[in-house]
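So the protein sequences, as listed, match chains B and Z.
Quick note: the first sequence uses this note's numbering, first residue 0, plus one each step.
Quick note: the second sequence uses this note's numbering, first residue 0, plus one each step.
Just so it is clear, CB atoms sit at the ideal spot from N, CA and C, and this is done for glycine as well.
2 protein chains.
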Amino acid sequence: MKKRQERQERERDEMRQAILDAAGRIAAEEGLEGLSIRKIAKHIEYSPGIIYHYFAGKEAIIEQLLEHGYLEMVSDLNAVSAKETRPELVFAQTMRRYIETSLADGVRYRDIMLNESPSVLSHTAVLFRGAASQREALNLLFRLLRSFEHLKEKDEDDLERTAQVIWSGAFGLILRLTMEKDLPVEQKERLIHHYLETTLIMIGHL
Amino acid sequence: MKKRQERQERERDEMRQAILDAAGRIAAEEGLEGLSIRKIAKHIEYSPGIIYHYFAGKEAIIEQLLEHGYLEMVSDLNAVSAKETRPELVFAQTMRRYIETSLADGVRYRDIMLNESPSVLSHTAVLFRGAASQREALNLLFRLLRSFEHLKEKDEDDLERTAQVIWSGAFGLILRLTMEKDLPVEQKERLIHHYLETTLIMIGHL
DNA sequence: CTCTATACTGAACGGTGTTCAACATACTAA
DNA sequence: TTAGTATGTTGAACACCGTTCAGTATAGAG
């Protein structure tokens, strides 16, 4: 009978999830750098040591946390691009959503705590590590590019690199906008707009 | 007589510099996250407490460290752009240098220590905070753009935003290249090339 | 020769991630 | 049913960390 094994595994997963949930709540409230093993332990009402039976260490927990958040976001982006059909609009809307969601998350992680630079740093990390599981997002963008009429036959590798360049651009833009946190909303908007516009110009002339 | 005051001030500066030097050496050897007040203290053969007579805290030291490195780099870029005159070439060479120097720094900070993700994080921080004192770099890029014949009369704000978008793109590209550390050199090269090319296409059609 | 400002120490506070011997409990095999 | 093993769990300990601060030494001013 392997019922036991199943249940054991399920319980293990539940514990892992409980740890991740606690970690998520703490990170949301205090920022990533406010997250500590001991706090998680207190939250789930166990002793700190136990966490190492379920995760290799703090890093592993953070990694899981960020990966989850990031994948959630990408699936969100996919939903957007299903509604519209004109390539330029799909592109613009998707990228805009990506940028805005990232910024919103940034505020969530940053403004809650008064602490200045370490949190900025942690936000950078969020984006950064998110990007590590980013193939999916890149694929999305790749498909987006393919949907442009004049890129239908373009060389695969070239298009892939173009996608990377565009993605990197958005990535950098988000960092800059996060950084200059006191930039008026209106000016942020203009920067995003400009980014989308110039990128579309570029796409148009490939 | 204020000779005394002068000397006192000089000594103060020397101590500050000694602290920064020690911090720099440690950061170069162990990465930014390996840097600690206590290690600095040991390095300069003083007790940890004294450091707080010269700096507000660890953050302040790191800030100084990064700002210094970043400014050095920008002045380096200026030197490059003085030699060549054709706008496209100046642009390409400057951006390439920026990217490559950043990557080289990345390796210095990362590969020396085996430790995986925290150092990646710290590298991100290097670029990120560097960017905080980045007006200078942006100005450089702005002037670069102005040197293109067809942009001579372009709207100031528009060009400024274009510069920001381009800069952000490079920024993001560097992060991506740092991230995927195992990418073959040749492929990195192709990505950089592609970035420069597409960006130039974009500039050409503004 | 006091006095005061500055430099400096070293212990302490309250954290951190991580490890590990020991114990408890649940389940299997005899 | 019982002995034995695998798993879950604890709590103390280790070796760090940034930061503060009472107290001491030292050097220059009056």
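Residues of chain Z with a Cβ closer than 9 Å to the Cβ of L172 (chain B) are, in chain order, Q163, V164, S167, G168, F170 and G171. Distance between I98 (chain B) and V73 (chain B), taken at the CA atoms: about 12 Å. V184 (chain Z) has its alpha-carbon roughly 17 Å from the corresponding atom of D157 (chain B). When CB distances to chain B are screened at a threshold of 7 Å, the residues of the stretch 178-198 of chain Z falling below it are M178, R189, L190, H193, Y194 and T197, in chain order. Looking at Z:E5, Z:A169, Z:Q7 and Z:I25, the one whose alpha-carbon comes closest to that of R96 (chain Z) is Z:A169. Its Cα nearest to that of Y53 (chain Z), the residue Z:E8 stands out among Z:Q163, Z:T198 and Z:E8. Within a 10 Å sphere around the beta-carbon of T84 (chain Z) sit fewer than 16 other beta-carbons, which makes this residue exposed.
The shortest CA-to-CA distance from E66 (chain Z) to any of Z:E32, Z:H42, Z:G23 and Z:F90 is the one to Z:G23. A Cβ of chain B is located within less than 8 Å of the beta carbon of I200 (chain Z). Taking a C-beta distance under 8 Å as the contact criterion, H192 (chain Z) and H204 (chain B) do not qualify as a contact pair. DSSP places Y194 (chain Z) inside the alpha helix (DSSP H), whose first and last residues are V184 to G203.
Distances from the CA of Y69 (chain Z) to each of Z:I36, Z:S101 and Z:P86 were compared; the closest alpha carbon is that of Z:S101. Its chain contains L70 and V73 as the residues whose beta carbon lies nearer than 8 Å to that of E135 (chain B), once the 5 sequence neighbours on both sides are disregarded; these appear in chain order. Judged by DSSP secondary structure, K38 (chain Z) falls within the alpha helix (DSSP H) whose first and last residues are I36 to I43. Not a single CB atom of chain B sits nearer than 8 Å to the CB of R9 (chain Z). Annotation for L137 (chain B): the continuous alpha helix (DSSP H) segment containing it runs R134 to R145. The beta carbon of R142 (chain B) does not come within 8 Å of any beta carbon belonging to chain Z, so the residue lies off that interface.
If you ignore the 5 residues before and after K57 (chain B), its C-beta comes within less than 7 Å of the C-beta of I36, all in its own chain and listed in chain order. Distances from the alpha-carbon of L140 (chain B) to those of B:K151, B:A162 and B:R15 put B:A162 closest. In this structure, M201 (chain Z) and M201 (chain B) form a Cβ contact; the two beta carbons are roughly 4 Å apart against a cut-off of 8 Å. Annotation: Cβ neighbours of R160 (chain B) in chain Z (cutoff 7 Å, chain order): R189, L190 and H193. Here I49 (chain B) has A40 as same chain residues with Cβ atoms under 8 Å from its own Cβ, once five neighbours each way along the sequence are excluded. Between K38 (chain Z) and the set Z:T197, Z:Q16 and Z:A21, the nearest pair of CA atoms involves Z:A21. At least 8 Å separates the CB of H67 (chain Z) from every CB of chain B. A straight line joining the alpha-carbon of M14 (chain B) with that of E155 (chain B) spans about 44 Å. Nearest neighbour of P86 (chain B) by Cα position, chosen from B:E148, B:W166 and B:P47, turns out to be B:E148.
Residue-level contact by beta carbon holds for R175 (chain B) and chain Z, with a gap shorter than 8 Å. Cβ neighbours of L19 (chain B) within its own chain (closer than 8 Å, five residues either side excluded): I60, Q63, L64 and H67.
The alpha carbon of L172 (chain Z) has as its nearest neighbour, out of B:I173, B:T177, B:L172 and B:V164, the alpha carbon of B:V164.
Interface flag for H204 (chain B) against chain Z is set, since a Cβ pair is found closer than 8 Å. Shown here, R160 (chain Z) sits in a helix according to DSSP, grouped into three states. Look at K151 (chain Z) here: in three-state DSSP terms it is coil, with no helix or strand label. Just so you know, the alpha carbons of S146 (chain B) and W166 (chain B) end up roughly 17 Å apart.
Rounded to whole angstroms, the separation of the alpha carbons of S46 (chain Z) and A17 (chain Z) is 14 Å.
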